[in-house]
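Working notes for the structure below.
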């Protein structure tokens with residue numbers, strides 16, 4: 001049956017940040033005292049090349065924010081996004097009002113060098129072996145989700161539509177977009193629009209945002225949509241941002257911060273002067289635990305100096321500049337009688353040089369990469385390869401410990417279709433875990449998912465080259481990068497593991513903690529979501 005015939009037949013029958021710490025909140029202080037005591041009590045490809053502009057007139061899902069401060073103009077047409085009363089994407093036309101630029105400079109991936117990416121994957125296979133977790137981790141999921149890759153057959157597609165199998169229809173639509181099959185993609189987007197809802201089950205909610213990513217990719221509007229989906233700026237000193245709510249209801253960030261802080265506390269237990277360089281300090285939430293832990297150290301706390309690095313464009317998630325973070329952490333340190341200094345560096349990681357880090361003789365150095373390095377363009381994006389450049393720069397500073405926390409996902413160099421499969425698998429687990437904690441009608445849940453997770457999904461699916469800034473890698477690849485930069489593993493202590501296990505007691509028993517080769521993995525059921533490790 002021809003695509004046009006099936007398409008007509010179907011239409012004849014029936015016509016997708018954290019809240020800045022406001023002062024030293026009492027709940028924040030009490031929340032982290034347990035860890036502080038425990039740490040020291042026992043111490044001694046290019047987008048699809050076809051025209052689906054008409055689709056953008058019919059599929060708009062995510063609501064854009066109005067602000068454009070901090071971004072240069074972008075030529076792409078941005079999208080005005082709303083939802084209908086049932087939570088499905090509404091029919092509104094794109095608006096050219098919002099203009100945004102790319103946050104990272106570098107060469108874009110084009111068809112002229114598409115073979116280069118394939119060669120990179122081949123090189124990884126040769127270096128790490130065919131069984132490495134680096135090599136196309138989507139394979140098993142793809143087989144299970146598409147029944148031996150027959151995703152494009154009409155029989156499979158019609159069967160999925162008849163059964164209402166949203167997952168398979170999403171995959172079939174992604175395959176059509178990947179294959180430049182405009183008619184099939186448009187038809188399946190019609191079907192998906194009837195099935196997704198931001199108020200539905202986890203797969204329905206994720207499906208709404210993945211549909212938006214597919215539409216944005218097809219209409220070349222991915223970058224402008226990604227920029228418009230910033231975490232909402234706090235409206236007052238009392239308002240918790242969406243990212244802070246996400247931090248509170250899910251253990252992913254707490255897991256990463258606690259494991260990193262444990263490694264730093266262990267490495268610095270005998271030091272009198274400690275300098276911590278945080279390459280993405282955000283609101284500084286991570287350091288509440290460590291300041292309290294050092295306050296309880298036998299023999300007294302060390303002098304702590306924190307250098308906080310963050311892109312100036314992130315000020316919207318703090319309600320102001322890095323001086324806000326410094327003042328709050330200083331207030332906390334004073335409360336716990338910890339000698340403290342704060343040095344701010346409002347600069348992108350791509351621009352950081354040694355002179356920006358304020359290195360002083362006589363200080364023991366710790367460097368923290370928490371949920372940051374995956375934003376740095378690597379050799380597949382730019383010849384400057386800031387991802388490895390930063391690691392070499394840090395190694396040259398002779399730190400006592402370097403901590404890494406990253407999402408355990410493989411979306412960096414993968415082509416569009418396997419990247420779609422990986423994103424679907426990863427974020428489905430994330431949405432399921434949120435579903436356990438927040439009721440589906442919770443007033444903050446939609447905002448959390450839309451402003452803090454959907455923006456990542458859209459960027460991963462709809463953007464390419466330097467505009468795709470969400471470039472996750474599996475821990476196996478991070479190990480290779482750290483090793484090539486000259487680092488050796490710094491195993492996390494059993495005390496840190498025990499502390500995190502206690503943390504997970506407050507959450508669903510479907511979360512799991514696993515230690516492998518000196519690293520910690522936090523997962524939801526059978527899917528690893530976050531990995532944490534330390535180096536020296």
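Numbering (the numbering used here), first residue to last: 1 to 536. Don't be surprised by glycine CBs; every beta carbon is placed ideally from N, CA and C.
Point to revise | Inter-residue Cα distance where the pair is residue 258 and residue 245 | key: 18 Å
Exercise for review: State the start and end residues of the unbroken beta strand (DSSP E) segment that holds residue 521.
Suggested key: 519 to 524 is the extent of the beta strand (DSSP E) around residue 521.
Point to revise | Beta-carbon gap between residue 369 and residue 406 smaller than 9 Å | key: Annotated as proximal: residue 369 and residue 406, with beta-carbon spacing under 9 Å.
**Study point:** Where the alpha helix (DSSP H) containing residue 355 begins and where it ends
**Key:** That residue, residue 355, is in no alpha helix (DSSP H); it is neither H nor E in DSSP.
Check your understanding: Just curious, the beta strand (DSSP E) that residue 569 is in, first and last residue?
Key -> With the chain covering only 1 through 536, there is no way to say anything about residue 569.
Review point. How would you label residue 517, buried or exposed, when you count the other beta carbons within 10 angstroms and need 16 or more for buried?
Key: exposed
Exercise for review: Tell me residue 516's beta-bridge partners as DSSP assigns them.
Suggested key: Beta-bridge partners of residue 516 (DSSP): 519.
Check your understanding: Hey, out of 299, 509, 272, 176, whose CA is closest to residue 251's CA?
Key -> Of the candidates 299, 509, 272, 176, the one whose C-alpha sits nearest the C-alpha of residue 251 is 509.
Point to revise | Limits of the unbroken beta strand (DSSP E) element including residue 488 | key: For residue 488, there is no enclosing beta strand (DSSP E), as DSSP marks it with neither H nor E.
Review point. Taking the continuous alpha helix (DSSP H) assigned at residue 186, which residues delimit it?
Key: 182 to 195
Exercise for review: Decide if residue 412 is buried, meaning its Cβ has at least 16 other Cβ atoms within 10 Å, or exposed.
Suggested key: Buried: at least 16 other Cβ atoms inside 10 Å.
Check your understanding: Between 382, 367, 387, 366, which lies nearest to residue 376 when the distance is taken from Cα to Cα?
Key -> 387
Check your understanding: Over what stretch of residues does the beta strand (DSSP E) that includes residue 463 continue unbroken?
Key -> Run containing residue 463: none; DSSP gives neither H nor E here.
Exercise for review: Starting from residue 308, trace the beta strand (DSSP E) both ways and give me its first and last residue.
Suggested key: First-last of the beta strand (DSSP E) with residue 308: 303 to 309.
Point to revise | Range of the contiguous alpha helix (DSSP H) that encloses residue 496 | key: 494 to 504
**Study point:** Helix, strand or coil at residue 407 according to DSSP, with G and I counted as helix
**Key:** strand
Point to revise | Per-residue DSSP class, three states only, for residue 414 | key: coil
Check your understanding: Out of 294, 349, 494, which has the shortest C-alpha to C-alpha gap to residue 519?
Key -> 494
Review point. Along the chain, where does the beta strand (DSSP E) that runs through residue 532 open and close?
Key: 527 to 535
Point to revise | residue 465 versus residue 474 - alpha carbon distance | key: 20 Å
**Study point:** First and last residue of the uninterrupted alpha helix (DSSP H) at residue 176
**Key:** 166 to 178
**Study point:** residue 400 versus residue 191: straight-line alpha-carbon distance, rounded
**Key:** 55 Å
Check your understanding: How big is the Cα-Cα spacing for residue 506 and residue 482?
Key -> 33 Å
Exercise for review: Give the DSSP-derived three-state secondary structure of residue 469 in the structure shown.
Suggested key: coil
Review point. What residue range is occupied by the uninterrupted alpha helix (DSSP H) comprising residue 294?
Key: 287 to 295
Review point. If you drop the 5 nearest sequence neighbours on each side, which residues of the same chain put their C-beta closer than 7 Å to that of residue 561?
Key: Nothing about residue 561 can be read from this structure; the chain reaches only from 1 to 536.
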